[in-house]
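Here the working numbering is used: the sequence shown runs in plain steps of one and ends on residue 1745.
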Amino acid sequence: MTAQRVPVLIVTGLSGAGKSSALKALEDLDYETIDNLPLPHLTAVLASGEHPDRGMAVGLDSRSRGFTAPAFLAAVAGLRARGDLALRLLFLDCDDITLGRRFQETRRRHPIARDRPIAEGIALERQLIDSIRNQADLVLDTSMLSIHELRRLVEAHFSLDDGAAITVTVQSFSYRRGVPREVDLLFDVRFLANPHWDAALRPGTGKDPAVAAYIERDPAFQPFFERIRDLLLFLLPLYQREGKSYLTIAFGCTGGRHRSIHMTESISEVLRQAGHRVTVFHRDTVIEPVT
């Protein structure tokens, strides 16, 4: 590829936050992937000029030989300055409790902890690489993501499709489980009538016709929906004009099962009909571990 820059994605972050899962997803997207590349080899590999016709994804973290945050950032800065690489940096984050549980479930030692408690290793690694997080093009928090949701997000953000359309991710979530950290536009729909208080509707979700009808009978629903629809249809072309390639929109309610899911599904359909590429996921479903 001599006429255009080669897409290069460097994947890093906290141990246990999902680097392996992200690289597998990128491989399925036709990236050439290299995991745990020694840091001294990074510049040599990417600056060699021997690039594939597709994108490249390289995984590095604190386990990689020669890895330090200053050396890593210096290498990234040098590669960004080149004219032949379209380099982006993905940082995978996760909260300490979830990381600790993942290491306990897999019975793996934390690479930084060695013979110390896992919590100490997590805290030390977070301190060592915090400066990298601040320089990332995208931070994905995997604390509440299933492996399938992580794959969908990776596909939405890093597809090699040459289409110029902005990729939109629309998600639902439960305020009880916390607000998503990496969201561009967030809307609280807890003011809408709650199907949870109807015993017949409680087991369902916002995808069920009866639940959807209950929510839409609220007099506030239609004016709110129309305003959000019009706002997004106005904003998306402007974001795209400014070069933004992806946008994350979130709708939250108390339990993350009814109102937020219905709004997510409804808005996603509107955006698809308008010609936008849309990825949907409902965060607070059954959580599967990522690695």
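The C-beta atom is built at its ideal place from N, Cα and C for all residues, glycine as well.
As the structure is a computational prediction, the values presented were derived from the model and not from experiment.
Roughly how far, in whole angstroms, is the beta-carbon of residue i from the beta-carbon of residue j, given that I think they are within contact range, below 8 Å?
{"i": "L1607", "j": "R1508", "result": "Rounded, the Cβ-Cβ distance is 20 Å, inconsistent with contact."}
{"i": "A1471", "j": "L1582", "result": "A1471 to L1582, Cβ: 14 Å. No contact."}
{"i": "Y1700", "j": "T1621", "result": "5 Å"}
{"i": "D1595", "j": "C1548", "result": "6 Å"}
{"i": "T1497", "j": "G1532", "result": "6 Å"}
{"i": "A1479", "j": "E1670", "result": "The Cβ separation is near 35 Å, so there is no contact."}
{"i": "F1526", "j": "L1493", "result": "6 Å"}
{"i": "A1674", "j": "F1627", "result": "A1674 to F1627, Cβ: 20 Å. No contact."}
{"i": "I1601", "j": "S1518", "result": "Going by Cβ atoms, the distance from I1601 to S1518 rounds to 23 Å, so no, they are not a contact pair."}
Less than 7 Å between C-beta atoms, sequence neighbours within five positions excluded: which residues of the same chain meet that for residue i?
{"i": "A1540", "result": "R1459, V1460, P1461, V1462"}
{"i": "H1564", "result": "S1469, F1557, I1572, G1575, I1576"}
To the nearest angstrom, how far is it from the Cα of residue i to the Cα of residue j?
{"i": "R1587", "j": "G1467", "result": "7 Å"}
{"i": "V1593", "j": "R1605", "result": "14 Å"}
{"i": "D1638", "j": "R1656", "result": "30 Å"}
{"i": "K1698", "j": "L1686", "result": "14 Å"}
{"i": "D1672", "j": "F1679", "result": "11 Å"}
{"i": "V1499", "j": "L1599", "result": "32 Å"}
{"i": "H1716", "j": "V1633", "result": "18 Å"}
{"i": "D1652", "j": "G1658", "result": "10 Å"}
{"i": "V1465", "j": "D1538", "result": "19 Å"}
{"i": "G1710", "j": "Y1629", "result": "7 Å"}
{"i": "M1510", "j": "L1491", "result": "13 Å"}
{"i": "Q1676", "j": "L1578", "result": "50 Å"}
{"i": "R1631", "j": "D1642", "result": "14 Å"}
{"i": "E1719", "j": "R1726", "result": "11 Å"}
{"i": "E1742", "j": "P1691", "result": "Here E1742 scores only 46 on pLDDT, less than 50, and its place in the model should not be relied on; the value that follows carries that caveat. If you take the alpha carbons of E1742 and P1691, they lie about 35 Å apart."}
{"i": "A1728", "j": "R1683", "result": "11 Å"}
{"i": "R1695", "j": "V1512", "result": "29 Å"}
{"i": "D1569", "j": "R1580", "result": "18 Å"}
{"i": "K1473", "j": "H1730", "result": "28 Å"}
{"i": "Y1485", "j": "P1663", "result": "40 Å"}
{"i": "A1567", "j": "G1520", "result": "18 Å"}
{"i": "R1555", "j": "T1739", "result": "18 Å"}
{"i": "T1456", "j": "A1535", "result": "Note that T1456 has pLDDT 43, beneath the 50 cutoff, so the model's placement of it is unreliable and the number below is only indicative. Between T1456 and A1535, the C-alpha separation is close to 17 Å."}
{"i": "R1681", "j": "L1640", "result": "14 Å"}
{"i": "T1708", "j": "D1489", "result": "39 Å"}
{"i": "A1501", "j": "S1597", "result": "34 Å"}
{"i": "H1495", "j": "I1721", "result": "45 Å"}
In its own chain, which residues sit with a C-beta less than 6 Å from the C-beta of residue i, not counting the 5 before and 5 after it?
{"i": "S1828", "result": "The structure shown does not extend to residue 1828, since the chain spans only 1455 to 1745, so no value can be given for it."}
{"i": "A1590", "result": "L1543, F1545"}
{"i": "P1649", "result": "L1655, V1665, Y1668, H1712"}
{"i": "Q1625", "result": "A1704, F1735, R1737"}
{"i": "G1660", "result": "H1712, I1715, H1716"}
{"i": "A1647", "result": "D1672"}
{"i": "E1603", "result": "F1735"}
{"i": "T1623", "result": "A1610, T1702, T1733"}
{"i": "R1562", "result": "none"}
Which term fits residue i, buried or exposed, when burial requires 16 or more other beta carbons within 10 angstroms of its beta carbon?
{"i": "T1702", "result": "buried"}
{"i": "I1551", "result": "exposed"}
{"i": "D1482", "result": "exposed"}
{"i": "F1612", "result": "buried"}
{"i": "A1529", "result": "buried"}
{"i": "G1706", "result": "buried"}
{"i": "T1560", "result": "exposed"}
{"i": "E1723", "result": "exposed"}
{"i": "F1688", "result": "exposed"}
On the DSSP bridge list, what partners appear for residue i?
{"i": "Q1625", "result": "A1704, F1735"}
{"i": "R1542", "result": "L1463"}
{"i": "A1511", "result": "L1463, T1487"}
{"i": "V1593", "result": "F1545"}
{"i": "F1641", "result": "F1705"}
Between which residues of its own chain and residue i is the CB-CB distance below 8 Å, once the five residues before and five after are set aside?
{"i": "E1636", "result": "L1592, V1593, L1594, D1595, T1702"}
Is any heavy atom of the ligand NAD found at a distance shorter than 6 Å from the C-beta of residue i?
{"i": "A1476", "result": "Annotation note on the ligand NAD: not contained in the displayed structure, which lists no ligands."}
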